[in-house]
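Read in order, the letters of the sequence shown correspond to residues 4 to 425 in our numbering.
Each remark here refers to the structure printed beneath this line.
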Amino acid sequence: MTADRPVGAVAAVDQPDTHLCLVAPEALPNLLPALSPASAPGQVILLWAPPLAAAATRLAACLQRRGIACTRWEIADTGDPAAIQRQLARHLATLPGAAPAGAPPRIALNASGGSRAMAIAATALFRAHDLPIFCVAPAADRLVWLHPAARPVQSLDASLALTEVLAAQGLVPGGSDPAGMAAVPPPRQQLCAWLAEQNRRLAPALTELDRLATHAPAPVDAQPQSAADARMRALTALIQRLALAGVVRIDRGRVRYADRAARAFVQGGWIAEHCLALLQERSVPAALMRVEALAREDGPGHPADLLCLARNRLHLMVCLRPRQDRHRPRQDQNGSRRDQDRPRQDQHRPSPSAATGIQPELLQQVLAGSDARVLLLGLLEPPPAVRRRAAELGIQVCAGSRLAALPATLRTWIDGTDQGLG
Numbered sequence: 004m005t006a007d008r009p010v011g012a013v014a015a016v017d018q019p020d021t022h023l024c025l026v027a028p029e030a031l032p033n034l035l036p037a038l039s040p041a042s043a044p045g046q047v048i049l050l051w052a053p054p055l056a057a058a059a060t061r062l063a064a065c066l067q068r069r070g071i072a073c074t075r076w077e078i079a080d081t082g083d084p085a086a087i088q089r090q091l092a093r094h095l096a097t098l099p100g101a102a103p104a105g106a107p108p109r110i111a112l113n114a115s116g117g118s119r120a121m122a123i124a125a126t127a128l129f130r131a132h133d134l135p136i137f138c139v140a141p142a143a144d145r146l147v148w149l150h151p152a153a154r155p156v157q158s159l160d161a162s163l164a165l166t167e168v169l170a171a172q173g174l175v176p177g178g179s180d181p182a183g184m185a186a187v188p189p190p191r192q193q194l195c196a197w198l199a200e201q202n203r204r205l206a207p208a209l210t211e212l213d214r215l216a217t218h219a220p221a222p223v224d225a226q227p228q229s230a231a232d233a234r235m236r237a238l239t240a241l242i243q244r245l246a247l248a249g250v251v252r253i254d255r256g257r258v259r260y261a262d263r264a265a266r267a268f269v270q271g272g273w274i275a276e277h278c279l280a281l282l283q284e285r286s287v288p289a290a291l292m293r294v295e296a297l298a299r300e301d302g303p304g305h306p307a308d309l310l311c312l313a314r315n316r317l318h319l320m321v322c323l324r325p326r327q328d329r330h331r332p333r334q335d336q337n338g339s340r341r342d343q344d345r346p347r348q349d350q351h352r353p354s355p356s357a358a359t360g361i362q363p364e365l366l367q368q369v370l371a372g373s374d375a376r377v378l379l380l381g382l383l384e385p386p387p388a389v390r391r392r393a394a395e396l397g398i399q400v401c402a403g404s405r406l407a408a409l410p411a412t413l414r415t416w417i418d419g420t421d422q423g424l425g
């Protein structure tokens, strides 16, 4: 393949002042070298095709907020490297110094993104004109020179903020601002840790309390049943522990929550809060927030999601809550309730076949191109079909009795080893 016009040879400089980036759904490989002091250019040129117009706009906005000039070059990605190369050569010929009589442009290609055809075309063109080419390994914080190969590997230190990455990736969460996320108080940490460690024993009581909160007649009230059986005694013990922690109070036999946030905590928000505390211990930037694009069947009361940035990679923890199947008593021919003597706890029960309203495919669709890692967390084990599909999509699961080992499993997941996760 040949270019329409000569571009010129690269000057013998250590650091090009312009990066040509191939826009892709994943933003980090283009952000990291542009925002790292050792490799930061004066300007960035974004080569984009129409399907990725929104991604190019978000990336340009993020770079411009950091004071980096941005130019966008549109091309038609036909899938034909030769056609793409001709388009790119025409763009490059417009750069100052690209003409034979001028000084060669100090430009380098970031070959980390784009489609396969775009990467082939751009790499071949830059090699033909002896222009430098590099790629980025975000998880390793490294910039590797592909041409000339003699250049040493560079370490990247972009000091990216979680909010920057979310904005560049197009993940607009609702809820708390990551920058203003307060530390989880020690008493709350201890309560969350106790709930996780005792999850196997407390799961029935937690599920029943979740049911009571979900179907409470008042906005923030729930009515526990008689404490005559063992299950209700366990529930009563759980409520007492929550009352000691200030999450609930007992008023004339009713469980009352301080506010909606307290109810959300009981319904499963404690799992996300436990994760947040563990991440804060490791100084990992994280925030409890609801990813609005994750539509759920169990409505707005769903606990917050947890997003964090670790090893230059987004991590999303989705906290699952058992869905309640409301039992409606049938009536006989006389209009009387046939199962009126059935205990109320059996009339509102978690579905045995659905531990979550989240579909793994939806997670993949929302996070497409972000290279984010996903962990499903829950009081109960998801159904086997959900677990199998999650495994096929590379989504990890830590639920049920596994919550007791959450500190260790979260550590290995963040570090990228995934040991101990289902």
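Virtual Cβ for every residue (Gly too), placed ideally from N, Cα, C.
* Asked: Which residues in the same chain as Asp374 place their Cβ atom closer than 8 Å to its Cβ, once the five residues preceding and following it in sequence are excluded?
  -> Glu29, Leu31, Pro141, Arg316, Leu317
### Task
Helix, strand or coil for Arg285, going by three-state DSSP, please let me know.
coil
Touching or not, the region 164-173 and the region 51-61, by the rule of three or more beta carbon pairs under 8 Å? yes
ask   = Okay, do the region 195-204 and the region 397-412 touch, 3+ Cβ pairs below 8 Å being the bar?
value = yes
Check: Among Leu55, Ala275, Arg391, Ala122, which has the Cα closest to the Cα of Arg75?
Finding: Leu55
- Beta-carbon separation of Thr97 and Leu112 under 9 Å? no
| query | Using the C-alpha atoms, what's the distance from Arg255 back to Trp273? | reply | 26 Å
Start and end residues, beta strand (DSSP E) containing Ile21: In the sequence as displayed, the identity of residue 21 is Thr instead of Ile. It spans 21-25 - the beta strand (DSSP E) in which Thr21 sits, taken as one unbroken run.
Arg266 classed as buried or exposed, judged by whether at least 16 other C-beta atoms fall within 10 angstroms
buried
(request) Whole angstroms is fine: what's the gap from Ala402's alpha carbon to Gly381's? (result) 5 Å
If we call anything under 9 Å between Cβ atoms a contact, is Leu2 one with Leu35? Limits of the chain in this structure are 4 at one end and 425 at the other, which puts residue 2 out of reach.
*Close-in-space but distant-in-sequence residues of the same chain around Leu241 (CB under 8 Å, 5 per side omitted)*: Leu205, Ala208, Leu209, Leu212
Exercise. Hey, quick one: how far does the alpha helix (DSSP H) through Gln193 stretch, first residue to last?
Worked result: 189-200
Closer than 6 Å by C-beta to His277: which residues in its own chain qualify, once you throw out the five before and the five after it? Chain order, please.
-> Cys195, Ala199
From Gly338 to Leu215, what does the alpha carbon distance come to, in whole angstroms? Residue confidence for Gly338 is low, a pLDDT of 42 falling below 50, so the modelled location carries little weight; the figure read from the coordinates is stated next. Spanning the two alpha carbons is a distance of roughly 27 Å.
(message) Using only the alpha-carbon positions, how far apart do Gly70 and Leu38 sit?
(response) 10 Å
Rounded straight-line distance, which links the Cα of Ala185 to that of Val258: 27 Å
Would Asn33 and Val147 be called neighbours here (beta carbons separated by less than 9 Å)? no
Quiz item: Mapping DSSP to helix, strand and coil, what is Val156?
Solution: coil
| message | Rounding to the nearest angstrom, what Cα-Cα distance links Asp160 and Ala41 in this structure? | response | 8 Å
Report the option in Leu66, Gly271, Glu284 whose CA atom is closest to the CA atom of Leu383. Gly271
To the nearest whole angstrom, what separates the beta carbons of Pro385 and Leu323, a pair I think is in contact under 8 Å? 7 Å
Measuring straight from C-alpha to C-alpha, what distance separates Asp80 and Gly116? 13 Å
From the DSSP output, read off the bridge partner residues of Ala140. Arg145
Query raised in the report: Arg244 by DSSP, collapsed to three states: which one?
Result: helix
- prompt: Where does Asp418 fall in DSSP's three states?
  reply: helix
**Prompt:** From which residue to which residue does the beta strand (DSSP E) around Ile48 run?
**Reply:** 46-51
| said: For a quick check, are the C-beta atoms of Met320 and Leu312 less than 9 Å apart? | reply: no
Helix, strand or coil at Thr74 according to DSSP, with G and I counted as helix:
strand
*Boundaries (first-last residue) of the alpha helix (DSSP H) holding His94*: 84-95
Taking 9 Å as the threshold (C-beta atoms), are Leu91 and Leu128 in contact? yes
Same chain, Cβ closer than 8 Å to Ala65, five either side skipped, listed in chain order:
In the sequence as presented, Ala is not what sits at residue 65; that position holds Cys. So the list reads Ala30, Leu34, Glu167, Ala170, Ala171, once near-sequence residues are dropped.
Local conformation of Ile253 per DSSP, three classes: strand
Per DSSP, Ile123 forms a beta bridge with which residues? The partner list for Ile123 (beta bridge, DSSP) is empty, contrary to what the question assumes.
* Asked: The alpha helix (DSSP H) with Asn33 in it runs from where to where?
  -> 31-38
Output the distance between the C-alpha atoms of Val251 and Asp144, rounded to the nearest integer angstrom.
46 Å
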